[in-house]
Each structure stands twice: as C-alpha cells, then as structure tokens.
Amino acid sequence: MYERGGGYFLEEDLDLNGVMIWLGNVESNASATPFLTLAAATLDALDAEGRITSYAKVGEGYPRHNPRGIIRRRIDEGQTYDEAFSRHLRWEPTEYLRLYDLGHNEVDHVKITEIEAAAFIESVTTKILGSSAVTP
C-alpha cells in the first residue's frame with residue numbers, strides 16, 4: 401500500500417483514501433472473493449482518487465464476465481467524472497452514462513465490483529501487451 405503511494409485510516413472501516421473496506425469478522429472475511437492480481441498495469445488502472453462505481457457494458461454476446469467494455473463513475477471533491485477504460489490502456493472521459501440517462505440506451509450496463517473491473521483490465525492488458533505485462 402505504501403509502495404504505491406497510499407495511506408489509510410482505521411476507524412469502523414479501513415479507509416484507503418476513499419475506498420472503504422468493511423472490517424467484518426472471520427466468517428465474512430473467509431467467504432470474501434479474493435483479489436488475485438498484483439500486476440502493476442492492473443493496479444495502476446485501478447488507482448484513482450474519490451468514490452468509484454464501476455459498470456460493465458453488456459448485451460447480446462457480451463455477458464457480465466466478458467463485457468464489451470467497462471465504465472467508471474468517479475466522484476472526487478464534489479466533481480463527477482465518467483471514464484471508460486480504453487484500448488490505450490487508460491481511463492478516458494466518456495459521455496456514455498449521461499447519454500444513457502437521456503435515453504440513448506442501445507447498449508446496457510450493470511454495476512460490477514472492483515474485482516470484476518480488475519479482471520477486465522487484466523484481460524485487455526494481456527491481449528494488447530502480452531502476458532508479461534500482467535506478471536507482478
């Protein structure tokens with residue numbers, strides 16, 4: 401955590417500068433889905449300030465586990481940023497969520513977890529850069 405420039409606050413939750421992790425108990429922690437990547441490219445893509453909600457663009461032939469793309473809404477210091485993970489392996493501004501709310505909803509989306517977002521990012525990074533890019 402510190403190696404990547406982060407910090408934390410420990411109260412009722414573990415606050416990783418905007419990402420809140422419920423401390424839970426032994427049973428809930430043992431049943432939690434593990435975060436399996438330490439690949440620098442994936443972790444770099446997940447780093448961001450503020451509260452983040454991720455979405456997978458789904459549809460015919462693009463199920464949740466293999467979406468056509470991912471979008472995130474990031475709220476930082478009262479500002480909202482909508483970003484899509486691009487083929488350039490970075491987050492770029494997008495109007496998708498705003499246009500969807502206005503009725504331009506030819507492509508649907510579902511809310512996903514950070515683990516699902518990481519799996520997509522790692523998959524795209526591997527396709528574009530090869531498997532050596534995701535080796536920690």
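Numbering of the sequence shown is given in our numbering, commencing with residue 401 and proceeding in unit increments.
Backbone N, C-alpha and C fix where the C-beta goes; we use that ideal spot for every residue, glycine too.
- Message: Restricting to Cα atoms, I'd like to know which of Arg473, Val510 and Pro463 is closest to Arg451.
- Response: Nearest option by C-alpha distance: Arg473.
- Item | Backbone secondary structure at Leu497 - three-state DSSP | Of the three classes helix, strand and coil, the one that applies to Leu497 here is helix, per DSSP.
- Query: Just the Cα atoms here: how many angstroms apart are Leu423 and Asp476?
  - Reply: Their backbone Cα atoms lie some 23 Å apart in a straight line.
- Message: Under 8 Å: do the stretch 498 to 505 and the stretch 458 to 465 share three or more Cβ pairs, one atom per stretch?
- Response: Between the stretch 498 to 505 and the stretch 458 to 465, the count of Cβ pairs shorter than 8 Å is below three; the stretches do not touch.
- Where Pro467 falls, given that 16 or more other Cβ within 10 Å makes a residue buried: Counting C-beta atoms within 10 angstroms of its own C-beta, Pro467 has 16 or more neighbours from the protein chains shown and is therefore classed as buried.
- Query: Does the Cβ of Val426 have 16 or more other Cβ atoms within 10 Å, making it buried, or fewer, making it exposed?
  - Reply: By the neighbour-count rule (16 or more Cβ atoms within 10 Å), Val426 is not buried but exposed.
- Near Glu492, which residues of its chain fall below 7 Å by C-beta distance, leaving aside the five closest residues on each side in sequence? Glu483, Ala484 and Ser486.
- Task: Output the distance between the C-alpha atoms of Ala469 and Phe520, rounded to the nearest integer angstrom.
- Result: Position check: residue 469 holds Gly in this sequence, whereas Ala was assumed. About 8 Å.
- Please go through the same chain and pick out, in chain order, the residues whose beta-carbon is closer than 8 Å to the beta-carbon of Lys527, but skip the five residues on each side of it. Cβ contact annotation for Lys527 (same chain, cutoff 8 Å, sequence separation greater than five): none.
- Message: Determine whether the beta carbon atoms of Ile515 and Arg464 lie at a separation below 9 Å.
- Response: Contact flag unset, no.
- Query: From Val524, Glu449 and Glu506, pick the residue whose C-alpha is nearest to that of Tyr481; which is it?
  - Reply: Ranking Val524, Glu449 and Glu506 by Cα distance to Tyr481 puts Glu449 first.
- Task: Kindly indicate the opening and closing residues of the beta strand (DSSP E) around Val510.
- Result: Element bounds for Val510: Asp508 to Ile512.
- Are Leu489 and Thr525 touching if we call contact CB-CB under 9 Å? Thr525 is positioned such that its CB atom lies closer than 9 Å to that of Leu489.
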